[in-house]
Amino acid sequence: GAVVSQHPSWVICKSGTSVKIECRSLDFQATTMFWYRQFPKQSLMLMATSNEGSKATYEQGVEKDKFLINHASLTLSTLTVTSAHPEDSSFYICSARASGGAWYEQFFGPGTRLTVL
Amino acid sequence: AQKVTQAQTEISVVEKEDVTLDCVYETRDTTYYLFWYKQPPSGELVFLIRRNSFDEQNEISGRYSWNFQKSTSSFNFTITASQVVDSAVYFCALSGGGTSYGKLTFGQGTILTVHP
């Protein structure tokens with residue numbers, strides 16, 4: 002149980018285009034999902050917290066107009082990188098907290114590797 | 148604010164050696180959880196252990212063991228008789244129950260390489 006998927010697992014796009022990454026909880030409902038970014042050989046940094054049916058909360062320094070997050074259902078959150086540039090190339094990981102689950106427990110997706118040319 | 152420090156950037160050992168990965172944390176919360184994750188080259192995080200702030204008992208799981216000491220704010224991870232398959236990046240993380248409610252703060256990670 003508690004499986005989280007991400008799609009796509011990797012994507013290559015041209016500079017200036019937008020890319021959408023999906024995060025799905027497959028066997029549970031998730032009121033809250035988190036989006037992390039990991040640059041090569043660095044740690045995971047929390048970008049934003051996504052709550053179903055409400056606006057996402059972004060961490061300091063993360064541009065909300067560039068990284069659009071939509072949590073339209075209890076099993077799906079999407080991250081759209083708008084007008085992507087090479088510096089946005091990174092590994093994006095989502096996690097989900099089960100509705101009614103422990104506040105400290107997150108289940109991680111496998112990650113999406115974004116390369117912007 | 149929460150902070151996790153893994154001072155060892157990279158560790159290299161030969162198979163069968165024991166290795167300890169250090170983790171020091173900072174938090175003002177009285178209730179918090181500490182985690183260790185393994186990240187193999189595929190990138191997917193593998194959950195290893197979770198410990199709450201009220202349980203200082205050390206834990207052993209096979210070749211893995213964890214030493215939690217609140218007095219020194221440390222949560223160290225030891226691999227006994229290391230194997231090549233243990234090669235990965237290991238992250239220590241903290242989740243506090245206060246203002247950071249449920250947000251995970253990760254350490255910088257330690258790259259472990261086990262040579263045959």
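Quick note, the sequences are listed as chains A and B, same order. 2 is the number of the first residue of the first sequence in the numbering used here; add one for each residue after it. 148 is the number of the first residue of the second sequence in the numbering used here; add one for each residue after it. The beta carbon of each residue, even a glycine, is placed where N, CA and C say it ideally should be.
From the options, pick the residue whose C-alpha is nearest to that of residue i; which is it?
i                        : options                                : result
glycine 112 of chain A   : A/Leu80, A/Leu118, A/Val63, A/Ala31    : A/Leu80
isoleucine 76 of chain A : A/Ser100, A/Gln39, A/Val63             : What sits at residue 76 of chain A in the sequence shown is threonine, not isoleucine. Checking every option, the nearest Cα to that of threonine 76 of chain A belongs to A/Ser100.
glutamate 164 of chain B : B/Ala235, B/Ile258, B/Ile226           : B/Ile226
leucine 27 of chain A    : A/Ser96, A/Asp89, A/Ser16              : A/Ser96
leucine 192 of chain B   : B/Arg198, B/Phe201, B/Gly249, B/Phe182 : B/Phe182
threonine 219 of chain B : B/Ala154, B/Ser159, B/Tyr172           : B/Tyr172
threonine 177 of chain B : B/Lys217, B/Gly254, B/Arg197           : B/Lys217
glycine 17 of chain A    : A/Pro87, A/Tyr105, A/Val63, A/Gly2     : A/Pro87
glutamate 131 of chain B : B/Gly209, B/Trp213, B/Leu195, B/Phe194 : Residue 131 of chain B cannot be examined here, being either before or after the span of chain B that is shown, 148 to 263.
glutamine 39 of chain A  : A/Glu106, A/His8, A/Phe109, A/Ser91    : A/Ser91
lysine 231 of chain B    : B/Asn199, B/His262, B/Ser159           : Reading off the sequence shown, one finds valine at residue 231 of chain B, where the question assumed lysine. Nearest of B/Asn199, B/His262, B/Ser159 to valine 231 of chain B, Cα basis: B/His262.
methionine 46 of chain A : A/Tyr93, A/Glu53, A/Trp104             : A/Tyr93
alanine 103 of chain A   : B/Val166, B/Ala154, B/Arg197           : B/Arg197
serine 229 of chain B    : B/Val161, B/Gly190, B/Ser189           : B/Val161
arginine 210 of chain B  : B/Phe194, B/Asp233, B/Gln153, B/Lys250 : B/Asp233
Here's a check: name, in chain order, each residue in its chain whose Cβ is nearer than 8 Å to the Cβ of residue i, leaving out the five neighbours to either side.
i                           : result
cysteine 14 of chain A      : Val20, Ala85, Leu115, Thr116, Val117, Leu118
phenylalanine 68 of chain A : Trp36, Met48, Ala49, Tyr59, Leu80, Thr81, Val82, Thr83
isoleucine 158 of chain B   : Val166, Leu168, Thr257, Ile258, Leu259, Thr260
Excluding sequence positions up to five away, which residues of its chain have a Cβ less than 6 Å from the Cβ of residue i?
i                        : result
serine 78 of chain A     : Cys24, Met34, Ser51, His72
tryptophan 11 of chain A : Arg114
leucine 168 of chain B   : Phe224, Tyr237, Thr257
glutamate 53 of chain A  : Thr32, His72, Leu75
On the criterion of 16 or more Cβ atoms from any shown chain inside 10 Å, does residue i qualify as buried, or is it exposed?
i                        : result
arginine 98 of chain A   : buried
glycine 245 of chain B   : exposed
isoleucine 22 of chain A : buried
threonine 252 of chain B : buried
tyrosine 179 of chain B  : buried
tyrosine 248 of chain B  : exposed
aspartate 89 of chain A  : buried
serine 55 of chain A     : exposed
aspartate 66 of chain A  : exposed
isoleucine 70 of chain A : buried
glutamine 43 of chain A  : exposed
glutamine 61 of chain A  : exposed
Taking the beta strand (DSSP E) that residue i falls in, what are its first and last residues?
i                         : result
glycine 243 of chain B    : 235 to 243
cysteine 14 of chain A    : 11 to 14
valine 232 of chain B     : First-last for valine 232 of chain B: undefined, no H or E at that position.
valine 63 of chain A      : Here valine 63 of chain A belongs to no beta strand (DSSP E), and DSSP marks it neither H nor E.
glutamate 173 of chain B  : 171 to 173
asparagine 199 of chain B : 193 to 199
serine 221 of chain B     : 221 to 226
tyrosine 184 of chain B   : 179 to 186
glutamine 150 of chain B  : Note that residue 150 of chain B corresponds to lysine in the displayed sequence, not to glutamine. That run of the beta strand (DSSP E) goes 150 to 152.
For residue i, I'd like the list of residues in its chain whose CB is within less than 7 Å of its CB, leaving aside the five on either flank, ordered along the chain.
i                            : result
threonine 298 of chain B     : Outside the displayed span of chain B (148 to 263) sits residue 298 of chain B, for which this structure offers no information.
valine 151 of chain B        : Cys170, Tyr172, Cys239, Ala240, Leu241, Thr252, Phe253, Gly254
glutamine 7 of chain A       : Ile22, Glu23, Cys24, Cys95, Gly110, Pro111, Gly112, Thr113
alanine 235 of chain B       : Lys185, Gln186, Pro187, Leu259
asparagine 199 of chain B    : Tyr180
phenylalanine 222 of chain B : Cys170, Tyr172, Leu181, Arg198, Trp213, Phe215, Cys239
Give a single yes or no on whether residue i has its beta carbon closer than 6 Å to a heavy atom of the ligand SAH.
i                        : result
threonine 113 of chain A : Ligands in the displayed structure: none, and consequently the ligand SAH is not present.
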